[in-house]
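One structure is given here, and the rest of the page talks about it.
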Amino acid sequence: MVAHEEDLGGGAAAVGAVTAGGAALFFLVLPILAARYRRRSTAPRVDRPRIRA
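Numbering of the sequence shown is given in the numbering used here, commencing with residue 5 and proceeding in unit increments.
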């Protein structure tokens with residue numbers, strides 16, 4: 005045997021919970037960042053005047 009059964013138990017559930025929580029936070033923040041980027045890229049520019057013919 006390489007390891008005893010007593011030495012192997014207990015950490016996988018905690019690692020899974022932390023990973024799932026991190027993924028949930030990422031997918032909660034992602035739409036907010038996308039909306040801010042979309043609003044910034046489609047907003048009209050104020051720094052230069054429009055010239056209409």
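Heads up, the beta-carbon is just placed ideally off N, CA and C, and yes, glycines get one too.
Give every residue of the same chain whose Cβ lies closer than 7 Å to the Cβ of residue i, excluding the five residues on either side of it in the sequence, and list them in chain order.
i	result
Ala28	none
Can you tell me whether DSSP reads residue i as helix, strand or coil?
i	result
Pro55	Just to set this straight, residue 55 is Ile in the shown sequence, not Pro. If DSSP states are grouped into helix, strand and coil, Ile55 belongs with coil.
Gly15	coil
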